[in-house]
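*Asks:*
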Amino acid sequence: MKTALIAVAALAGLATAAMAAPKARPAASPATPAAPGPADWRIPDPNDVLVIDTNKGRILVEMIPEVAPQTVARIRELTRAHFYDGLRFFRVIDDFMAQTGDPQNNGTGGSDKPNVPGEFTFRRGAETPFVLVADQTVAEVGFIKSLPVTSQSMSLAAMTKDQKVAGWALYCPGVAGMARDENPDSNNSQFFLMRRSHHNLEKRYTAFGRVIAGEDVVRAIKTGEPVEPPQDRMERVRLLADLPTAERPKIRVIDPRSAWFKAQAARAEQASPNDFMCDLEIPAEVK
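In terms of my numbering, the sequence shown is residues 1078 to 1364.
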C-alpha cells in the first residue's frame, strides 16, 4: 500500500474554505439557554460508538453510517477483529489531526481487506435524519446526529432522479476521517481524528464520525511528522455494544433536534457567522 496521506502538504499556505454567506440576522442576542433537560438528550446506538482506550485516556467516537456506510462497516469489522489494538499515532500535526490505524505504524500499511471506495459525499433524502440549523439558500447546514454536514438545498430534490441531493461532512474539530493515498478509492484501515477545522478536506476525504468525548485526549497526543519514539498508542479499541455490561459506560449526547440545542445554535451563528457550525459543541455525558 502506498503511504496514506491527508493532503495538506503546505498547511501554512492553505486557507480554510469559507462557508456560504449567511442570511442577515437580527442584532439582538438570543437569550442564554438554560441547562438542557431530559428531553434534550439522545442515546447513541452502541453499535456505532467506538471506545478507543489510549495511553493518554479514553476517546469515544460516534460513527455515522448514514454518510459513510461502507467505511463504518469496515471500521466495525476491524475493531471486532482487534486489528487496532496496540497501533500507534504515528503522524500527529498540532493544528491539524492525529493519524493512526496502520499496522506498520508509518503510513504505508493497511489490513488484508480490500480497499473501500471513497465516500466523500452522500445522498440526502427525506429519510435522512438531517437536522437543519441554517438555510443558506443554495445550501443547508445542519447535523446528522453529532456530525456537522452541509448539503444542497432540498428544493432541488424534485429535479433529481432519486429525489435526493448531495451532502457532505464538515471537517470540524473531532471529526473522524479515513486516510488514503492518491487513489480516491484507497480507504482501508488508517484513520485520523481532527484537532482543528480544515474545510479543504471536504469532499476529498471520507468522514465517518466524530469524537463525542475525549477531544482533550486527542489534543494531548504527542505530535510529530513522524512522531518520535515513544509514540502514543491505542491500547484497545472496541465497540460500545461489545463491552461487558459491567464495563459499559452510560452515554448520552445532546440531540440537535432539541430546543436547547437550537437556542445554542442561534447564539453561535450570531457570534461567529463565518464558521459557526464548527464552533457549535455537541455536549455529551459519560458515566
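Ideal Cβ positions, reconstructed from N, Cα and C, are used throughout, including at glycine.
I'd like to know whether the C-beta atoms of Met1140 and Asp1125 end up nearer to each other than 7 Å.
*Replies:* yes
*Asks:* From the DSSP secondary-structure annotation, give me the bridge partner or partners of Ile1328.
*Replies:* Answer is Val1363, bridged to Ile1328.
*Asks:* Taking 6 Å as the limit between beta carbons, can you name the residues of its chain near Asp1313, skipping five residues before and five after?
*Replies:* Correcting the residue type first, residue 1313 is Arg in the shown sequence and not Asp. Answer for Arg1313: Asp1130, Asp1162, listed in chain order.
*Asks:* Using 7 Å as the threshold, is the C-beta distance between Asn1192 and Asp1262 below it?
*Replies:* yes
*Asks:* Counting only the same chain and skipping the five closest in sequence on each side, list residues whose C-beta sits under 6 Å from that of Val1210.
*Replies:* Val1218, Gly1219, Ala1342
*Asks:* Report the option in Ala1345, Tyr1282, Leu1270 whose CA atom is closest to the CA atom of Arg1296.
*Replies:* Leu1270
*Asks:* Thr1093 to Cys1249, Cα distance in whole Å?
*Replies:* For Thr1093, the predicted structure reports a pLDDT of 38, less than 50, and the residue's modelled location is therefore unreliable. A value from the coordinates is still provided. Cα to Cα, Thr1093 sits roughly 11 Å from Cys1249.
*Asks:* Spatial neighbours of Ala1284 within its chain, please: C-beta separation below 6 Å, excluding the five flanking residues on both sides.
*Replies:* Ala1246, Val1252, Gly1254
*Asks:* By the three-class DSSP mapping on this structure, what secondary structure does Lys1133 have?
*Replies:* If DSSP states are grouped into helix, strand and coil, Lys1133 belongs with coil.
*Asks:* Between the beta-carbon of Val1149 and the beta-carbon of Val1288, is there less than 7 Å?
*Replies:* Between Val1149 and Val1288, the CB-CB gap reaches or exceeds 7 Å.
*Asks:* Can you tell me where the beta strand (DSSP E) holding Leu1164 begins and where it ends?
*Replies:* Looking at the DSSP string, Leu1164 is not in any beta strand (DSSP E), and its letter there is neither H nor E.
*Asks:* Below 8 Å, can you find three or more Cβ-Cβ pairs linking the stretch 1189–1205 to the stretch 1324–1339?
*Replies:* no
*Asks:* Would you kindly work out how many angstroms separate the C-alpha atoms of Phe1173 and Leu1278, rounded to a whole number?
*Replies:* 11 Å
*Asks:* From the DSSP output, read off the bridge partner residues of Ile1221.
*Replies:* Phe1207, Leu1224
*Asks:* How is the beta strand (DSSP E) around Leu1270 delimited, first residue to last?
*Replies:* 1268–1271
*Asks:* Measuring CB atoms only, is the stretch 1298–1308 touching the stretch 1111–1127, in the sense that at least three cross pairs come out at less than 8 Å?
*Replies:* Not touching, per the Cβ criterion.
*Asks:* Which whole runs of the alpha helix (DSSP H) in the stretch 1182–1206 are 4 residues long or more, in chain order?
*Replies:* none
*Asks:* Applying the criterion that 16 or more other CB atoms from any shown protein chain within 10 Å of the CB defines a buried residue, is Met1236 buried or exposed?
*Replies:* exposed
*Asks:* Could you compute how far the alpha carbon of Ile1153 sits from the alpha carbon of Phe1166?
*Replies:* The residue you asked about is not Ile; residue 1153 is Arg in the sequence shown. Between the alpha carbons of Arg1153 and Phe1166 lies a gap of roughly 19 Å.
*Asks:* DSSP state of Val1295, grouped into three classes?
*Replies:* helix
*Asks:* Within this structure, are the beta carbons of Glu1302 and Ile1120 separated by less than 7 Å?
*Replies:* no
*Asks:* Closest to Gln1229 by CA distance: which of Asn1260, Ala1243, Asp1239 is it?
*Replies:* It is Ala1243 whose Cα lies nearest to the Cα of Gln1229.
*Asks:* Count the other C-beta atoms from every protein chain shown that fall within 10 angstroms of the C-beta of Ala1104, then say buried if there are 16 or more, exposed otherwise.
*Replies:* At Ala1104, the pLDDT of 46 sits below 50, so the modelled position is not reliable and the matter cannot be decided from this model.
*Asks:* Measure the C-alpha to C-alpha separation of Ala1234 and Lys1280 and round it to an integer number of angstroms.
*Replies:* 20 Å
*Asks:* With distance defined between alpha-carbon atoms, name the residue in Pro1194, Asn1183, Gly1184, Asp1189 nearest to Glu1145.
*Replies:* The question names Glu, yet the displayed sequence has Ala at residue 1145. For the residues Pro1194, Asn1183, Gly1184, Asp1189, the minimum Cα distance to Ala1145 belongs to Pro1194.
*Asks:* Give me the Cβ distance between Ser1188 and Leu1155, rounded to the nearest whole Å; I'm assuming they're in contact under 8 Å.
*Replies:* 6 Å
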